Amino acid sequence: MLNRVVLIGRLTRDPELRYTPSGVAVASFTIAVDRRFTNQQGERETDFIPIVTWRQLAENCANYLKKGRLVGVDGRLQVRSYENNEGRRVWVTEVVADDVRFLEPAGGASRNPGMEGDSQRFSPKSNNDFDDPFADDGKPIDISDDDLPF
Numbered sequence: 001m002l003n004r005v006v007l008i009g010r011l012t013r014d015p016e017l018r019y020t021p022s023g024v025a026v027a028s029f030t031i032a033v034d035r036r037f038t039n040q041q042g043e044r045e046t047d048f049i050p051i052v053t054w055r056q057l058a059e060n061c062a063n064y065l066k067k068g069r070l071v072g073v074d075g076r077l078q079v080r081s082y083e084n085n086e087g088r089r090v091w092v093t094e095v096v097a098d099d100v101r102f103l104e105p106a107g108g109a110s111r112n113p114g115m116e117g118d119s120q121r122f123s124p125k126s127n128n129d130f131d132d133p134f135a136d137d138g139k140p141i142d143i144s145d146d147d148l149p150f
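In this text, residue positions in the sequence shown follow full-length UniProt numbering: the first is 1, and each later residue adds one.
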């Protein structure tokens, strides 16, 4: 079985950070993702995808993401249901993110020190470190012809 979702889009609003009764952080936000094709009027349509993040990733998203920022999201699709106040069953489809990449700099004075680079990765697996081994090195990369795939 495979349940993997990879999206690139812009936040439609600032992330909303909440905590469960047991103290676990959960953040939710929506990203706008343009479709690759145009409709009959020649316009691109946009999908608005709800994203949910948990724990440290949720806190990082809430602290550093703002409306309009371009992000890459890697996660899984989740469909759940609940009964609302009127006794009706409500179905929710959302992406539970395992990894969120900030794909453009925050810009100006609001930029967080120590978060330089074209993209910033926040995932539970990376312990909030940017995993680019070539970042800010400034030296030429020595690659032999045997290492190239072409």
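We treat Cβ as the ideally placed atom computed from N, Cα and C, and that holds for glycine.
Only a predicted model underlies this, so the values are computations on that prediction, with no experimental measurement involved.
- With fewer than 16 neighbouring CB atoms inside 10 Å of its own CB, Gly42 falls in the exposed class.
- Under the three-state reduction of DSSP output, Gln78 falls in the strand class.
- Under the DSSP definition of a beta bridge, Tyr19 partners with Ala25.
- Exclusion of the five residues before and after Ser81 leaves Arg89, Val90, Trp91, Val92 as the residues of its chain whose Cβ lies within less than 8 Å of its Cβ.
- In this structure, the beta-carbon distance from Leu77 to Pro15 does not fall below 8 Å.
- DSSP places Asp98 in the strand class (E or B) of the three-state scheme.
- Here DSSP, grouped into helix, strand and coil, assigns Leu65 to coil.
- In the three-state scheme derived from DSSP, where H, G and I count as helix and E and B as strand, Arg89 is classed as strand.
- Scanning its chain for C-beta atoms nearer than 7 Å, with the 5 sequence neighbours on each side dropped, one finds around Val5 the residues Gly75, Arg76, Leu77, Val95, in chain order.
- A straight line joining the alpha-carbon of Asp99 with that of Leu57 spans about 8 Å.
- Counting along the chain, no beta strand (DSSP E) covers Arg13, and no H or E run does either.
- Arg44: member of the beta strand (DSSP E) spanning 44 to 54, first to last residue.
- Remark: C-beta atoms of Ile8 and Leu103 approach each other more closely than 8 Å.
- Look at Ala32 here: in three-state DSSP terms it is strand.
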